[in-house]
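Residue numbers (the UniProt record's numbering): 1 to 690.
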Amino acid sequence: TVEVKAKSLPMELSEKGGVENNGFVQNEAFEDKEMDASNQEEMSKKCSVDVDLVVVEDTVLKPYAGMPKEVLLQFSSQARYRVTREILFWLIIAGSVALVCTTIAIIALSPKCLDWWQASPIYRIYPRSFKDSNMDGNGDLKGIQEKLDHITYLNIKTIWITSFFKSPLKDLGYGAEDFYDVDPIFGSMRDFENLIAAIHDKGLKVIMDLIPNHTSDKHRWFQLSRNRTGKYTDYYIWQDCMQASGSVIPPNNWVSVFGNSSWQFDDVRKQCYFHQFQKEQPDLNFRNPAVQQEIHDIIKFWLGKGVDGFSFGAVKFLLEATHLRDEPRVDKSQKGENITAYSQLHHDYTTTQVGLHDIIRSFRHTMNEFSREPGRYRFMGSDDDEKEDIGATMMYYGTTFIQEADFPFNFNLINMKNLSGNSIFEAVNSWMKNMPAGKWPNWAVGSPNAARISTRIGKEYINVMNMLLLTLPGTPVTYYGEEIGMENIASENVSEKHVNSGPLEATLPEKSPMQWDGKVNAGFTEGNSSWLPVNSNYQSVNVEIQSTWSNSTLSLYRALTSLRNNELPMNRGWMCYIWNDSNVFVFVRELDGLDRVFMMVLNFGQEVTIDLRAIAPNLPSEAVIRLSTHFSNAGKVVNTKLIKTEMGEGLVLEYKTAKPVHTMEAFQGKCFVAEKACYSKALNLLYMNC
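Encoded structure:
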């Protein structure tokens, strides 16, 4: 017997020599036969060994890979494993709850994302003048599709195409003969569908014109109405006319926009029909519910084709007073028979009548039916220029609870009678101070019905006007060609061989073909001629050549759109007026929580030097020129006490400050923000409650 001096457990070991186990081969020592007593006794001899209990326990209870379920359960019930498991479980639960709460808080505190019609400038195309694809001298839908890369090159994501409905083109396409078809001069419905698909493939959006006020006198509805056919009898506004001495005496003194009586006698129906514009454009009767339904059906048709929005034009003319009383004369002493001009009357009974906004809201309701799909919000704009009645224009925004247009298009910068720093300030401030709270502004410096910048105010102001347009808060609208500084063609070059458009002929010089390159017809058409002559300056003012010049109007335009798209203060921050006088207009764009500020110093007069620190003492002593209409100045540092600008020069200055202008008491009432947001530098995100 061998003894080990330790706390031990006796175990019995056989003294018999080891027996080799050959797997499944039975050992002959264990054959099935009876053993004698002596062998039993010999095998029973014991060797007593003392074994340490602790060693045995450690050996038995230590976890090992591949242990069976029964052994695993023994460990799982031990305190050290159970407590650890429970701690991890509750940590996961707490972390999940914290993550959900943080997500909810971020969503609740985050400002509304800018929608597509807010985030990008809008590029307005007059299709007949943009690009000709079939050599007939007229721009068309395929031509627009060919030039979509130019839109993306400008950092623009929204296109606005003016009217392309089937039309006699007597009125340049604004009086539709068929609202459900494309005029053959622009292509086919298949061309339009291909254009929509191509636009969306490039991540762009498209807005189209719709003028519901009137149709062409060639429209099927009018032909049926003049013959008193069924429901179409009252689709237009008909009144009996008195006849005396072979001439027609109209029902009242109402005058059309283009002058002379707005009533026209129809030989078929033997009555007068009403027209706010040309006699070939009879007004629809919007007091007839069937007419309103027709317009809703037209809206649904084009939205179903994939259009992303509408600009509704001439909407203030939709309703007229039913009493047909004479409109008041501007000059009370003027005799009635001498009134032939639109400006000679106050149009109290033919514009903005009670019930007008109910109709516009119904358009909005129809469009909202197509806005339910995520990411497919349908934009609605109203294209009505109230000019001197800014309050009437603002009504098109709707109210806090009832939405109408996303915005009425703003023509303040086009309607200015003279150019100066003060007049620019007045045009901007007039819109911003009258705009309802929470609404979104927009700006335009050109349109198909207004002379181009260079013709209206001078070539030297093209770049500074583009700088103003693209740095103001809201959505800028660029009329095609403004990005390269196109000019009106000479009016004497517009002749009957190009178009017979009656009173609209005066608007043709600003509709000249787009200048793409220095080739014949400026790359607009490969045909022998274009519907209007190309401007004679096309060899130096064109897209191809300006894209190679770092100091071109096109290069500046692209730099400005890039700045607007990429800098938070420029696309949704505060705007504060700093200074304006006869020469300059100065304002800043800044964002709560961001120490980087942009200041625009724009000269619309003569050369001048201003001391901005005297105006705003908290301004830093120096600022960096981020962009300039004089391209060589970009990157230079200027002293804010002595900022010099020449005639038509514009500067975008950048500086850092811990004291933004909109927080200064001296500038309270001079600052505006549409979609307020604050920036958290620590979290690198925007939130609402500053």
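Quick reminder that beta carbons are idealized off the backbone N, C-alpha and C, glycines included.
Leaving out the 5 sequence neighbours to the left and right, which residues in its chain are closer than 7 Å to isoleucine 615 when beta-carbon positions are compared?
-> Locating residue 615 in the sequence shown gives position 615, where the first residue counts as 1. Ile578, Trp579, listed in sequence order.
Starting from glycine 95 and walking both ways along the alpha helix (DSSP H), at which residues does that stretch end?
-> Here the question's residue 95 lines up with position 95 in the sequence shown. First-last of the alpha helix (DSSP H) with glycine 95: 79–109.
Hey, how far is the Cα of proline 476 from the Cα of alanine 682?
-> The count along the sequence shown starts at 1 and reaches residue 476 at position 476. The count along the sequence shown starts at 1 and reaches residue 682 at position 682. In a straight line, the C-alpha of proline 476 is about 32 Å away from that of alanine 682.
Using beta-carbon positions only, say whether isoleucine 359 and phenylalanine 286 come within less than 8 Å of one another.
-> As a working note, residue 359 is residue 359 in the sequence shown. As a working note, residue 286 is residue 286 in the sequence shown. The Cβ atoms of isoleucine 359 and phenylalanine 286 lie closer than 8 Å to each other.
Straight-line CA distance for phenylalanine 585 to tryptophan 431?
-> To locate residue 585, count along the sequence shown from 1; it is residue 585. To locate residue 431, count along the sequence shown from 1; it is residue 431. The C-alpha of tryptophan 431 is placed about 16 Å away from the C-alpha of phenylalanine 585.
Compute the Euclidean distance between the alpha carbons of serine 262 and proline 408, then round it to the nearest angstrom.
-> Numbered from 1 along the sequence shown, position 262 holds the residue referred to as residue 262. Numbered from 1 along the sequence shown, position 408 holds the residue referred to as residue 408. Taking the CA atoms as reference points, serine 262 sits about 26 Å from proline 408.
Can you check DSSP and say which residues form a bridge with aspartate 592?
-> Numbered from 1 along the sequence shown, position 592 holds the residue referred to as residue 592. For aspartate 592, which the question treats as bridged, DSSP gives the partners Cys678.
Whose C-alpha, out of Leu627, Asn368, Lys300, is nearest the C-alpha of tyrosine 180?
-> Taking the first residue of the sequence shown as position 1, residue 180 is located at position 180. For the residues Leu627, Asn368, Lys300, the minimum Cα distance to tyrosine 180 belongs to Lys300.
Please list, in chain order, all residues of the same chain as serine 447 whose beta carbon is under 6 Å from its beta carbon, the five residues on each side excluded.
-> Start at 1 with the first residue of the sequence shown, and residue 447 comes out as number 447. Same-chain partners within the cutoff: Tyr479.
Less than 8 Å separating the beta-carbons of methionine 465 and valine 307?
-> Along the sequence shown, read from residue 1 onward, the residue named residue 465 stands at position 465. Along the sequence shown, read from residue 1 onward, the residue named residue 307 stands at position 307. No, they are not a contact pair.
Measure the C-alpha to C-alpha separation of serine 94 and phenylalanine 75 and round it to an integer number of angstroms.
-> Indexing the sequence shown from 1 puts residue 94 at position 94. Indexing the sequence shown from 1 puts residue 75 at position 75. Before going further, note that residue 94 is alanine rather than serine in the sequence given. Using only the alpha carbons, I get a separation of about 26 Å.
In the DSSP assignment, what residue or residues form a beta bridge with alanine 450?
-> As a first step, residue 450 is located in the sequence shown; it is residue number 450 there, counting from the start. Ser447.
Could you tell me which of Glu622, Asp140, Leu651 sits nearest to serine 632, measuring between CA atoms?
-> Position 632 of the sequence shown, counted from the first residue, corresponds to residue 632. Per the Cα distances, Leu651.
Return the chain-ordered list of same chain residues with a C-beta closer than 6 Å to the C-beta of glutamate 320, the five sequence neighbours on each side being excluded.
-> For the purposes of this step, residue 320 is taken as the residue at position 320 of the sequence shown. Sequence-distant partners of glutamate 320 (beyond 5 residues in either direction) whose C-beta falls short of 6 Å from its own C-beta, in its chain, are Thr350.
In DSSP terms, what valine 248 is bridged to | The count along the sequence shown starts at 1 and reaches residue 248 at position 248. In DSSP, valine 248 forms a bridge with Gln243.
Less than 8 Å between the CB atoms is what I'm expecting for phenylalanine 317 and phenylalanine 363, so what's the real figure, rounded?
-> Position 317 of the sequence shown, counted from the start, is the residue given in the question as residue 317. Position 363 of the sequence shown, counted from the start, is the residue given in the question as residue 363. With a contact defined as Cβ atoms closer than 8 Å, phenylalanine 317 and phenylalanine 363 miss out at about 15 Å.
Which of the three DSSP states, helix, strand or coil, is assigned to tryptophan 516?
-> Residue mapping note: residue 516 aligns to position 516 of the sequence shown, counting from 1. Coil.
Through-space distance from arginine 572 to lysine 112, alpha-carbon basis | Along the sequence shown, one-based indexing puts residue 112 at 112. Along the sequence shown, one-based indexing puts residue 572 at 572. When only Cα atoms are considered, lysine 112 and arginine 572 end up about 11 Å apart.
Look up threonine 455 in the DSSP assignment and say whether it is helix, strand or coil.
-> Against the sequence shown, residue 455 aligns to sequence position 455. If DSSP states are grouped into helix, strand and coil, threonine 455 belongs with the helices.
Following the continuous alpha helix (DSSP H) through valine 206, name the residue where it begins and the one where it ends.
-> For the purposes of this step, residue 206 is identified with residue 206 of the sequence shown, where counting begins at 1. No alpha helix (DSSP H) holds valine 206; the beta strand (DSSP E) holding it covers 205–210.
So, is lysine 332 buried or exposed, given that buried needs 16 or more other C-beta atoms within 10 angstroms?
-> For this step, residue 332 is matched to residue 332 along the sequence shown. Answer is exposed; the Cβ neighbour count stays below 16.
By Cβ distance, which residues of its chain are closer than 6 Å to alanine 444, with the 5 residues on each side in sequence left out?
-> As a position in the sequence shown, residue 444 is number 444, starting the count at 1. Correct list, in chain order: Val477.
For lysine 335, which of Asn253, Thr393, Lys166, Thr322 has the nearest alpha-carbon?
-> Numbered from 1 along the sequence shown, position 335 holds the residue referred to as residue 335. Just measuring C-alpha positions, the residue of Asn253, Thr393, Lys166, Thr322 sitting nearest lysine 335 is Asn253.
Roughly how many whole angstroms lie between the Cα atoms of leucine 224 and valine 268?
-> Within the sequence shown, numbered from 1, the residue matching residue 224 stands at position 224. Within the sequence shown, numbered from 1, the residue matching residue 268 stands at position 268. Distance between the alpha carbons of leucine 224 and valine 268: 11 Å.
Start and end residues, beta strand (DSSP E) containing alanine 623 = Here residue 623 is taken as the residue at index 623 of the sequence shown, counted from 1. Residues 622–628.
Should glycine 23 be labelled buried (16 or more other beta-carbon atoms within 10 Å of its own) or exposed?
-> In the sequence shown, residue 23 corresponds to position 23, counting from 1. The pLDDT assigned to glycine 23 is 42, lower than 50, so where the model puts this residue is not dependable; a value taken from the coordinates is nonetheless given after this. Glycine 23 comes out exposed.
For cysteine 690, which residues from the same chain have a beta carbon less than 6 Å from its beta carbon, with the 5 sequence-adjacent residues on both sides left out?
-> Numbered from its first residue, the sequence shown carries residue 690 at position 690. Cβ neighbours of cysteine 690 beyond the five flanking positions: Asp592, Cys678.
Taking all protein chains shown into account, decide if proline 660 is buried (16 or more other Cβ within 10 angstroms of its Cβ) or exposed.
-> Looking up residue 660 in the sequence shown gives position 660. Buried, because 16 or more other Cβ atoms sit within 10 Å of the Cβ of proline 660.
Identity of the residue in Met135, Ser216, Ile156 nearest threonine 561 by Cα = In the sequence shown, the residue the question calls residue 561 occupies position 561. The residue among Met135, Ser216, Ile156 with its C-alpha nearest the C-alpha of threonine 561 is Ile156.
Starting from threonine 393, follow the alpha helix (DSSP H) in both directions and report where the run begins and ends.
-> By one-based count along the sequence shown, residue 393 stands at place 393. Residues 390–394.
Smallest Cα separation from serine 247: which of Arg228, Asp136, Arg626, Cys272?
-> Within the sequence shown, residue 247 is the residue found at index 247, counting from 1. The option with the nearest alpha carbon to serine 247 is Cys272.
Does the Cβ-Cβ distance between methionine 599 and alanine 623 come in under 8 Å?
-> Taking the sequence shown and counting its residues from 1, the one referred to as residue 599 is at position 599. Taking the sequence shown and counting its residues from 1, the one referred to as residue 623 is at position 623. The answer is yes: Cβ separation under 8 Å.
Please report the residue range of the alpha helix (DSSP H) in which glycine 304 lies.
-> Walking along the sequence shown from the start, residue 304 turns up at place 304. Per DSSP, glycine 304 belongs to the alpha helix (DSSP H) from 289–304.
Proline 569 lies in the alpha helix (DSSP H); which residues open and close that run?
-> Looking up residue 569 in the sequence shown gives position 569. Run containing proline 569: 568–572, per the alpha helix (DSSP H) assignment.
Would you tell me roughly how many angstroms separate the C-alpha atoms of lysine 218 and aspartate 234, rounded to the nearest one?
-> In the sequence shown, the residue the question calls residue 218 occupies position 218. In the sequence shown, the residue the question calls residue 234 occupies position 234. Between the alpha carbons of lysine 218 and aspartate 234 lies a gap of roughly 17 Å.
Decide if the segment 540–550 is in contact with the segment 71–90; the criterion is three or more beta carbon pairs, one per stretch, under 8 Å apart.
-> As far as the Cβ criterion goes, the segment 540–550 does not touch the segment 71–90, which means the pair count is below three.
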